[in-house]
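Residue numbers (this note's numbering): 200 to 524.
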Amino acid sequence: MSKYRRYITAGGTLACALGIGYFMQASHPGPANVVSAGMVDAGEPKVNISQITLTSAAPTPPVAMAEPAPLPATPVTLAVAQDAPLADDLPTEESAPGFACEYSMTAKPLAAAMVQVTLDAPCMINEKFTLHQNGMMFTEATDENGHSDLIVPALAENAVFIASFGNGEGAIATAAVDTFADYDRFVVQWGGASGMKIHALEYGSDFGDQGHVWINAAYDMGRAARGEGGFLTRHGSDDLDNPLIAEVYTFPTETALRAGDVSLRVEAEVTAANCGRDIEAQTIATDGVSGLEVQDIVLAMPDCDGIGDFLVLNNLFNDLKVAQN
């Protein structure tokens, strides 16, 4: 059973002081004692010893140092009396090699409100980048020359394209798309392996009929430019790590040759990569007049015993009511 809902992505320090104590011991000599000693020897008179005076030897002076040698009688002549001029052919310091990368991107309007976006970044060879445009985003990679050439549906009359690399560098380009208001566009975008797909059933068609437009029957922008029906484009490379992918269905509402209805559905296939978990996606719809309508969704995928099944979401986009022109 499918389920979807809208959502809004929404110490201290311790210091120790260590005191260093010290003490001083001072001695204060007292007065000198006068010592009296007596000796008794039989037959000898007693001798008194008094008024002893302490003496010490005078310090011995150090051995006299030898006299310095006399200076030579002939004065010393300096080898260089003045600064010598520097030679003109001394080697010069080589400048360090510089490294600069020029990023350039152009945007050229095409039929069916599509835009050719060309990116050149010679120093970003085989590098992953994300292309942003009015809320839509997907990841691609440059080739061995740092080049990328993409065909992208415009989501605004004045479309702004931004290519951003992982190092924070990138490029920007704009395009004025005069035919933008003639087309309705429906975008589903996601990250990773969600298994999501857009199915458009034009003029009462069923799955597998000629009017069933999806990734395996995408048609091209010439069909829309002639007013015959819609077409689908897929953007982003599945070969990249954690890619952002977008599918876009375009219908020529203002130039359609037939009146009728277009029913829009989104399917999510249950795979080993997404079973038993929630997957996130986003839808963008524009009718060329009232601006962009953006919706964030979360799908609770069935358990892995349902691998191969599909969740069919009928209410993400309003069906088109097409008047004959």
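Beta carbons are placed, not taken as given, at the ideal position from N, Cα and C, and that holds for glycine.
Since this is a predicted model, take the numbers as computed values, not measurements.
Alpha carbon of residue i to alpha carbon of residue j, nearest angstrom
{"i": "Asn-517", "j": "Trp-413", "result": "17 angstroms"}
{"i": "Ala-312", "j": "Asp-381", "result": "8 angstroms"}
{"i": "Ile-397", "j": "Cys-503", "result": "23 angstroms"}
{"i": "Tyr-203", "j": "Gln-332", "result": "Since pLDDT at Tyr-203 reaches only 36, below the 50 mark, its modelled position is unreliable, and the value read off the structure follows with that caveat. Whole-angstrom Cα-Cα distance: 26 angstroms."}
{"i": "Ser-393", "j": "Arg-464", "result": "16 angstroms"}
{"i": "Gly-426", "j": "Thr-452", "result": "8 angstroms"}
{"i": "Pro-308", "j": "Ile-371", "result": "15 angstroms"}
{"i": "Ala-472", "j": "Gln-523", "result": "44 angstroms"}
{"i": "Asp-419", "j": "Asp-477", "result": "33 angstroms"}
{"i": "Glu-540", "j": "Glu-301", "result": "Here the chain has residues from 200 to 524 only, and residue 540 is not among them."}
{"i": "Glu-368", "j": "Val-314", "result": "22 angstroms"}
{"i": "Thr-338", "j": "Val-521", "result": "33 angstroms"}
{"i": "Ala-455", "j": "Trp-389", "result": "30 angstroms"}
{"i": "Glu-343", "j": "Thr-470", "result": "33 angstroms"}
{"i": "Leu-439", "j": "Lys-327", "result": "8 angstroms"}
{"i": "Asn-405", "j": "Ala-320", "result": "Correcting the residue type first, residue 405 is Asp in the shown sequence and not Asn. Their Cα atoms are separated by approximately 45 angstroms."}
{"i": "Leu-330", "j": "Ala-362", "result": "5 angstroms"}
{"i": "Asn-514", "j": "Ala-375", "result": "32 angstroms"}
{"i": "Thr-317", "j": "Ile-350", "result": "9 angstroms"}
{"i": "Ala-340", "j": "Phe-450", "result": "28 angstroms"}
{"i": "Gly-345", "j": "Cys-322", "result": "6 angstroms"}
{"i": "Thr-485", "j": "Ser-462", "result": "16 angstroms"}
{"i": "Leu-519", "j": "Gly-507", "result": "30 angstroms"}
{"i": "Ser-436", "j": "Glu-446", "result": "12 angstroms"}
{"i": "Pro-442", "j": "Gly-410", "result": "30 angstroms"}
{"i": "Pro-458", "j": "Ala-399", "result": "The residue asked about is misnamed: residue 458 is Ala in this sequence, not Pro. So the alpha carbons of these two residues sit roughly 16 angstroms apart."}
{"i": "Gly-540", "j": "His-434", "result": "This structure does not reach residue 540, given that the chain is present from 200 up to 524, and the question cannot be answered."}
{"i": "Asp-495", "j": "Ala-417", "result": "25 angstroms"}
Residue i, buried or exposed, once every other Cβ within 10 Å from all chains shown has been counted against 16
{"i": "Cys-474", "result": "buried"}
{"i": "Gly-421", "result": "exposed"}
{"i": "Val-511", "result": "exposed"}
{"i": "Asp-383", "result": "buried"}
{"i": "Gly-505", "result": "exposed"}
{"i": "Ser-347", "result": "buried"}
{"i": "Thr-480", "result": "Before going on, a small fix: residue 480 reads as Ala here, not Thr. It counts as buried."}
{"i": "Ala-241", "result": "Residue placement at Ala-241 is flagged as unreliable, the pLDDT there being 44, under the threshold of 50; the coordinate-derived value follows with that caveat. That one is exposed."}
{"i": "Ile-324", "result": "exposed"}
{"i": "Ala-310", "result": "exposed"}
{"i": "Gly-428", "result": "buried"}
{"i": "Gly-365", "result": "exposed"}
{"i": "Val-497", "result": "exposed"}
Under 8 angstroms between C-beta atoms of residue i and residue j
{"i": "Thr-378", "j": "Asn-357", "result": "no"}
{"i": "Pro-501", "j": "Thr-432", "result": "no"}
{"i": "Ile-444", "j": "Leu-354", "result": "no"}
{"i": "Phe-360", "j": "Ala-424", "result": "no"}
{"i": "Glu-468", "j": "Phe-509", "result": "yes"}
{"i": "Ala-386", "j": "Met-395", "result": "Here residue 386 is Val; the residue named in the question, Ala, does not match the sequence. No; because the gap between Cβ atoms is not below 8 angstroms, this pair is not in contact."}
{"i": "Asp-460", "j": "Gly-407", "result": "no"}
{"i": "Val-488", "j": "Gly-334", "result": "no"}
Check: residue i C-beta below 7 angstroms from any heavy atom of the ligand ZN
{"i": "Thr-470", "result": "This structure simply doesn't include the ligand ZN, nor any ligand for that matter."}
- [ ] Within the region 384 to 413, note down every full beta strand (DSSP E) run reaching 3 residues or more, in order along the chain.
- [x] The region 384 to 413 contains these whole beta strand (DSSP E) runs: 395 to 401.
Open item on the list: To test your reading of the DSSP string, which unbroken beta strand (DSSP E) runs of 3 or more residues are found completely within the region 359 to 387?
Closed with: Counting whole runs of 3 or more residues, the region 359 to 387 contains the beta strand (DSSP E) stretches 369 to 375.
- [ ] Note down, one range per segment and in chain order, each beta strand (DSSP E) of at least 3 residues found wholly within the region 416 to 483.
- [x] Here the runs fully enclosed are 430 to 434, 443 to 450, 459 to 468.
Open item on the list: Extract the residue ranges of the beta strand (DSSP E) inside the region 297 to 359, only unbroken runs of 3 or more that lie entirely within it.
Closed with: Correct list: 303 to 308, 313 to 319, 327 to 332, 335 to 340, 346 to 352.
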